[in-house]
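**Q**
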Amino acid sequence: MDDWISIPLVAFPLISSMILLGFVSNTSEKVRKGLVKPIRMACLVFSLLLLVLTTGMFFQYFGDVSWMDIQFNDYEFYATYPWIESLGISWTVGLDALSFPMVWLTTLLLPVTIIATWNEKYGATYFPLLLMMGGALIGVFVSLDLFMFYVFWELTLIPMFFLILKWGGPERKYAAQKFFIYTFTASVIMLLGLITLYFLQEPNTLASAGTMTGRSFSIPELIDSARTANIGDNWFLGKTMQNILFVMLMIGFLVKLPAVPFHTWLPDAHVQAPTGGSMLLAGVMLKMGAYGMFRLPLSLFPHAVYHFQLALMIIGMVSLVWGAIVCLGQTNLKKMVAYSSVSHMGVILIGIATMQPMGWAAALFMMFAHGIISPMLFAVCGAFKHHYHSMEIGAMRGMAKHSPWLATSMMFAWMASLGLPLLAGFVAEIMMIIALWHMISIDGWSILWMVGPALVLALTAAYYLWSMQRTIFEGGDETQPPVSLDGHPVPDISDSEKFAMIILAFFTILFGVMPWIALDMMDDWTQQIFNGLILFVGKGGA
Amino acid sequence: MSTLNTIEPFGEGFISALCPELILFAGLILLIIVPNLGNGKFRVPGTQTKLYWLFGGKRFKQTSDPRLPGWIAVLTLGAAFIQTILSFQNGVERTAIVSEGGTQILMVNAFSRVFELIFFGALTLAAFASMNRLDVKGIGSKISSEELYNNRRQGDFYILMVTCALGMSIVALAQDLFVLFIGLELASFSTYVLVAFFKETKSGTEAGMKYFIVGSVASGVGLYGLSMLYLWAGSLQLDVLASTFAQSGSEPLPLIAIGFVLVGFGFKVSAAPFHFAAPDAYSGSSSPVAGVLATASKAMGIVGILRMLLIVAAPESSTDGTVWLVCLGLLSVITMTWGNLAALGSTNPKRMLAYSSVAHAGYMLAAITAIGAWNWDNSLAGNPSEAAIVVLTALLFHLVVLVAFKLGAFLVLSVLESDGGASKLSSLGGLAKREPFLGVAMFIFMISLAGVPPLAGFMSKLLVIMGIVKVAVGDMGDAISTGSELGLSDVHWVWWLALAMVINSAISVYYYLRVVVVMFFDEPEEGRSGPLPNGWQVRFAILACLIATVFFGVASDKLLEICEIAAKSFNYNWV
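Just so you know, the sequences run in chain order U and X.
For what it's worth, our numbering labels the leading residue of the first sequence as 1, then goes sequentially.
For what it's worth, our numbering labels the leading residue of the second sequence as 1, then goes sequentially.
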């Protein structure tokens with residue numbers, strides 16, 4: 001039970017979605033119309049199956065797992081099968097405290113996304129594409145082989161490209177191509193770095209080395225050999241090479257995160273994407289960048305992370321502050337939420353750059369919390385578009401009077417995103433701030449580094465509250481409905497949208513009030529890395 | 001070194017060694033005879049009796065079916081292909097066809113068999129798809145003279161396809177420069193006529209003229225180079241040339257000669273700056289023929305370049321014999337960049353695919369440069385022949401799977417040509433709505449060409465990059481772990497070729513995605529909505545290419561093994 005269960009997690013959504021897509025595309029128009037409802041239900045059932053599977057994995061119904069006792073570079077549900085032996089490529093999968101919350105998050109978001117967009121008139125290929133997206137994302141998180149990791153990393157681009165292209169906004173052609181080409185370019189540079197890393201291994205030293213090349217793509221083995229090499233002042237692969245490889249890998253992850261100044265693909269992609277695409281893009285796909293940073297550069301090149309710590313901190317701060325300032329000036333609701341995502345990803349980067357266990361745990365928890373909150377934000381925007389036919393902030397006013405459910409959901413999501421205590425976002429932000437304080441007081445950084453986060457706390461509150469005031473509360477004439485409705489009756493959100501909002505709100509509150517459900521294993525793991533890596537490297541004390 | 005069997009021409013073992021080529025030859029004879037079977041009689045001289053000899057006269061009804069030559073050609077090429085695959089089953093024995101006096105004419109080994117796989121596979125698929133591309137009217141109906149003319153041309157087209165295959169396989173097998181040239185010219189002349197075949201269209205004739213003239217000049221220059229090699233070394237045998245080069249390779253005469261020969265082969269491969277005829281040739285010919293040019297013809301050129309550069313001017317044999325290395329590296333970067341930038345500006349899909357072919361040629365030249373750099377530094381290079389074998393395996397794999405997705409893309413364009421032309425990007429408009437199978441197939445071919453996982457195009461590009469990085473990095477890992485500080489300035493400069501290749505891949509994604517966007521996003525052209533013309537042969541060929549593209553992306557182990565065996569058998573001094 002233990003070792004094969006991660007395979008259906010990946011294979012099942014991918015294969016079932018491709019079968020559904022193939023089935024649907026070869027039918028005539030009329031038949032296709034009748035197929036929408038059964039396929040929608042089938043996709044919902046498949047995604048719920050996945051959620052049951054991962055929740056059961058958490059509660060230890062499948063296999064004997066103890067999430068608190070996982071060592072660094074030790075994986076649960078680990079399995080390895082040889083794939084292309086001549087090159088040292090194997091199908092290696094496994095979960096640890098870094099990847100499991102992400103996998104659970106993906107399986108949670110899949111049914112929620114399907115439910116939130118239940119009534120959209122998108123046709124029968126939309127839901128299988130969401131399923132395919134989920135399968136590829138789960139594949140990224142469970143894979144422990146560099147080749148597999150890259151394959152799934154790029155595979156996520158294809159369904160998202162189609163989601164934006166077919167059902168997106170007016171600039172969808174531009175946005176879809178920009179998204180694909182921008183992130184693909186960064187990923188191929190990362191690929192060259194991975195291949196150079198591969199060939200710098202000593203030949204025939206790793207267990208799964210290929211027969212033709214003598215090297216292996218396996219991540220656990222690489223991390224092990226890196227750990228033995230990274231002791232004290234010794235750098236794995238030598239100082240120059242490690243720095244160069246670090247930069248090459250980080251280019252791929254920074255663009256995916258996205259960090260300023262490589263963030264320009266995000267507003268276009270988000271604004272033009274349909275609601276379901278945005279929910280998955282913001283909820284899970286952005287976290288792939290942060291996940292990659294933990295999995296590869298942090299574990300293999302800790303010296304280089306210290307070497308570039310200042311640069312990373314600057315990039316994180318700039319993302320945090322820039323994202324917040326730009327949000328203030330937006331009039332398009334979805335664009336504002338997109339830039340707030342950039343800002344929150346800055347929090348993650350700062351958390352990683354602090355090089356403290358608490359900072360890393362902050363980054364991990366922010367990945368998780370933002371993954372629950374931002375789909376809710378985008379679902380609200382989508383409901384706006386769907387019911388009010390406009391996304392300009394000034395276009396609808398006095399929403400509390402006309403659509404109380406939508407107004408409540410919007411208020412809740414907005415408050416969660418700005419970090420209201422007792423909601424999940426707060427835990428992550430407070431931990432980041434404490435980690436920054438550690439850095440300032442113990443590692444001796446200047447206190448001026450606190451200015452950025454403090455400023456942003458205020459700015460975030462500002463732009464969220466201001467947009468709320470303009471849309472929900474400021475009424476104008478209370479009996480005068482918004483102009484964009486053209487005289488139609490004023491709608492409130494449908495039942496399925498309500499259901500999706502309630503689920504997301506429930507989990508936001510749950511992880512805000514009882515964060516230790518996820519935080520315990522994250523804390524544990526980051527302490528393990530710290531002890532297992534950084535202390536050996538000879539830095540850090542806290 | 002494995003054992004070498006020698007066979008006299010037409011001696012024992014000849015038929016089993018050269019089985020695929022003899023199948024082709026038999027097919028060629030059938031193609032000439034069968035459509036001409038009739039009730040012809042000849043008069044015995046000196047008497048009045050007339051005897052049937054069945055050739056000429058009023059043609060028989062069964063054998064003058066205009067679709068018959070197509071079927072004969074497809075079955076011949078398919079049988080040759082299958083025979084080549086079967087010959088891998090028990091391992092390919094090195095067999096040399098030797099004339100009296102010991103000169104090796106042809107050599108059958110795993111390397112030549114893999115190339116024959118490429119040639120026969122591409123030509124079978126193209127011939128199969130052409131059955132829907134060349135108009136044919138059924139016999140017995142009242143047909144116009146134009147349609148009769150089209151029916152009569154069937155035999156010509158398919159004879160040319162089979163002679164092309166024959167020529168290409170001789171190039172793969174050749175061990176003597178003269179035989180190499182014969183095979184090269186046989187294949188080239190067939191392709192010149194195939195390109196010009198659709199002479200009703202103006203672009204067809206123009207393309208044929210351009211390709212023929214430029215190709216002939218290139219071949220002439222190549223022949224001049226070969227004759228200079230003969231002048232210098234006194235023999236046309238490849239192994240004699242190799243040993244002579246090892247001794248006196250730094251003289252100006254052989255270097256100039258190799259340069260000239262490279263011009264000839266560079267044209268075939270469509271490397272810059274010899275590629276100017278390629279875009280016109282591809283866009284003017286019919287799509288299956290353009291597909292053959294892009295895959296099989298290119299492979300033929302690569303065989304020539306490999307033999308020239310790696311056997312004759314082998315880098316290990318003379319200290320400054322690697323003067324061609326820098327030239328080739330520069331040429332590869334120019335080729336890939338030129339191809340990608342020109343493709344960005346093309347709106348004609350076939351022209352765009354032609355320029356993408358040029359870019360792919362650049363990637364392959366970068367791989368060949370890496371092979372040449374294998375012995376760059378005694379302390380860091382590691383085991384040089386190992387690195388060379390990895391790169392050569394990657395190159396062979398790339399050429400094999402290129403047939404799947406490049407020819408597949410051309411075949412989809414072939415269906416569109418029957419629909420009313422494929423010379424504008426808007427011809428592809430709305431293809432996903434009109435026929436989802438073709439839309440999805442073209443999408444898969446496009447992203448495979450771009451190098452997106454998990455398809456064969458990604459696998460092949462990854463392997464080429466891996467090969468180049470392996471040569472560049474060599475054994476630096478060992479050196480670093482024992483304490484030396486080495487950085488990017490210490491790797492061999494071919495690493496920067498890999499970076500150029502990677503960046504060019506990213507550039508190329510734009511024009512491949514442009515096709516996808518047009519197919520899925522735009523509306524069909526005026527008067528072209530609705531399903532596309534029928535024809536199960538071309539769709540079957542597209543399906544075969546599609547399956548191959550996906551299969552070799554996920555399960556490429558077997559093919560990699562075969563390519564590795566072929567790479568090892570290329571130069572026995574390496575193993």
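The beta-carbon is built from N, C-alpha and C at its ideal position, and this holds for glycine as well.
Determine the DSSP secondary structure at Asn26/U, reduced to helix, strand or coil.
**A** Note: Asn26/U maps to coil in three-state DSSP.
**Q** At 7 Å on the CB atoms, spell out the chain U contacts of Lys568/X, in chain order.
**A** What Lys568/X touches in chain U: nothing, since even the nearest Cβ is about 10 Å away.
**Q** Does any C-beta atom of chain U lie closer than 7 Å to the C-beta of Lys470/X?
**A** Answer yes: the Cβ-Cβ gap between Lys470/X and chain U drops below 7 Å somewhere.
**Q** Label Ser441/U either buried or exposed according to how many other C-beta atoms from any shown protein chain fall within 10 Å of its C-beta, with 16 as the threshold for buried.
**A** So Ser441/U counts as exposed.
**Q** Quickly, what does DSSP pair Asn340/X with across the bridge? List them, please.
**A** Per DSSP, none; premise fails for Asn340/X.
**Q** Just the chain U side, please: which residues come within less than 7 Å of Met476/X by C-beta, in chain order?
**A** Those are Leu200, listed as they occur along chain U.
**Q** Looking at the structure shown, is Gly541/U part of a helix, part of a strand, or coil, going by DSSP?
**A** Note that Gly541/U has pLDDT 49, beneath the 50 cutoff, so the model's placement of it is unreliable and the number below is only indicative. The answer is coil: DSSP assigns Gly541/U none of H, G, I, E or B.
**Q** Determine the direct distance from the alpha carbon of Ser218/U to that of Thr211/U, and round the result to whole angstroms.
**A** Cα to Cα, the separation comes out at about 14 Å.
**Q** Cutting at 7 Å between CB atoms, please list the residues of its own chain near Tyr511/X, excluding the five before and the five after it.
**A** For Tyr511/X, where only same-chain residues beyond five positions count, the Cβ hits under 7 Å are Ala343, Leu344, Met352.
**Q** With DSSP run on the structure shown, which of helix, strand or coil describes Asp145/U?
**A** Reduced to three states, the DSSP call for Asp145/U is strand.
**Q** Pairing CB atoms from the stretch 288-304 of chain X with CB atoms from the stretch 563-573 of chain X, are three or more of them under 8 Å?
**A** No, the stretch 288-304 of chain X does not touch the stretch 563-573 of chain X.
**Q** In the DSSP output, what is Gly38/X paired with across the bridge?
**A** BP columns for Gly38/X point to Arg59/X.
**Q** If you measure beta-carbon to beta-carbon, which residues of the stretch 13-42 of chain U are closer than 7 Å to chain X?
**A** Those residues of the stretch 13-42 of chain U that come within reach of chain X (Cβ to Cβ, closer than 7 Å) are Ser25, Asn26.
**Q** Where does Gln48/X sit, in a helix, a strand or coil, going by DSSP?
**A** Note: Gln48/X maps to coil in three-state DSSP.
**Q** Using beta-carbon positions only, say whether Met288/U and Val151/U come within less than 7 Å of one another.
**A** No; because the gap between Cβ atoms is not below 7 Å, this pair is not in contact.
**Q** So which residues on chain U does Gly579/X lean against when the C-beta distance must stay under 7 Å?
**A** Lying outside 1 to 575, the shown extent of chain X, residue 579/X is not represented and no answer is given.
**Q** Applying the 10 Å Cβ sphere with the 16-neighbour rule, what's the burial state of Leu535/U?
**A** Burial call: exposed.
**Q** Is there a C-beta anywhere in chain U that falls below 7 Å from the one on Tyr192/X?
**A** No, because no Cβ of chain U sits closer than 7 Å to the Cβ of Tyr192/X.
**Q** Which residues mark the beginning and the end of the alpha helix (DSSP H) in which Phe77/U is found?
**A** Looking at the DSSP string, Phe77/U is not in any alpha helix (DSSP H); the run it does join, the beta strand (DSSP E), is 76-84.
**Q** Once the 5 residues before and after Leu223/X are set aside, which same chain residues still bring their CB inside 8 Å of it?
**A** Only Phe181, Gly264 meet the Cβ criterion.
**Q** Taking C-alpha atoms, which residue in Thr27/U, Met431/U, Trp153/U, Ala42/U lies nearest to Ser16/U?
**A** Closest option to Ser16/U, Cα to Cα, is Ala42/U.
**Q** In chain order, what residues of the same chain lie with their CB nearer than 6 Å to the CB of Gly134/U, ignoring the 5 residues before and after it?
**A** Once the five neighbours on either side are set aside, the close Cβ partners of Gly134/U are Pro13, Thr106, Leu110.
**Q** Under 7 Å between C-beta atoms, does Val140/U make it to chain X?
**A** Not one chain X Cβ lies under 7 Å of Val140/U.
**Q** Closest by CA to Leu24/X, which one among Arg59/X, Ser169/X, Ile97/X, Arg153/X?
**A** It is Ser169/X whose Cα lies nearest to the Cα of Leu24/X.
**Q** Does the beta-carbon distance from Ala262/U to Val255/U come in below 7 Å?
**A** First, the amino acid is wrong: residue 262/U is Phe here, not Ala. Their beta carbons are under 7 Å apart, which means Phe262/U touches Val255/U by this criterion.
**Q** Can a CB atom of chain U be found closer than 7 Å to the CB of Ala544/X?
**A** It does not; no Cβ of chain U falls within 7 Å.
**Q** What's the gap between the Cα of Phe14/X and the Cα of Val98/X?
**A** If you take the alpha carbons of Phe14/X and Val98/X, they lie about 11 Å apart.
**Q** Taking all protein chains shown into account, do 16 or more other C-beta atoms lie within 10 angstroms of the C-beta of Phe253/U, making it buried, or fewer, making it exposed?
**A** Phe253/U is buried by the Cβ-count criterion.
**Q** Interface residues of chain X around Leu155/U at Cβ under 9 Å?
**A** The answer, in chain order, is Val452, Pro453, Pro454.
**Q** Do we get a CB-CB distance below 7 Å when we pair Val188/U with the residues of chain X?
**A** Yes, its Cβ sits closer than 7 Å to a Cβ of chain X.
**Q** Between Ser356/X and chain U, is the shortest Cβ-Cβ distance under 7 Å, so that the two count as touching?
**A** No - not a single Cβ of chain U is within 7 Å of the one on Ser356/X.
**Q** Please tell me whether Ala281/X has its Cβ less than 7 Å away from any Cβ of chain U.
**A** So no, Ala281/X is outside the interface.
**Q** Just tell me which of Leu241/X, Val214/X, Gly259/X has its CA closest to the CA of Lys268/X.
**A** Closest option to Lys268/X, Cα to Cα, is Val214/X.
**Q** With distances taken Cα to Cα, identify the nearest neighbour of Trp322/U among His307/U, Val456/U, Arg172/U.
**A** Considering only alpha carbons, the answer is Val456/U.
**Q** Distance check for Ala233/X and Val240/X, CA to CA, integer angstroms please.
**A** Near 8 Å, if we compare the C-alpha coordinates of Ala233/X and Val240/X.
**Q** Kindly list the residues whose CB is nearer than 7 Å to the CB of Met399/U, restricted to its own chain and excluding five residues on each side of it in sequence; keep chain order.
**A** Here the set comprises Leu406, Ala407, Thr471, Ile472.
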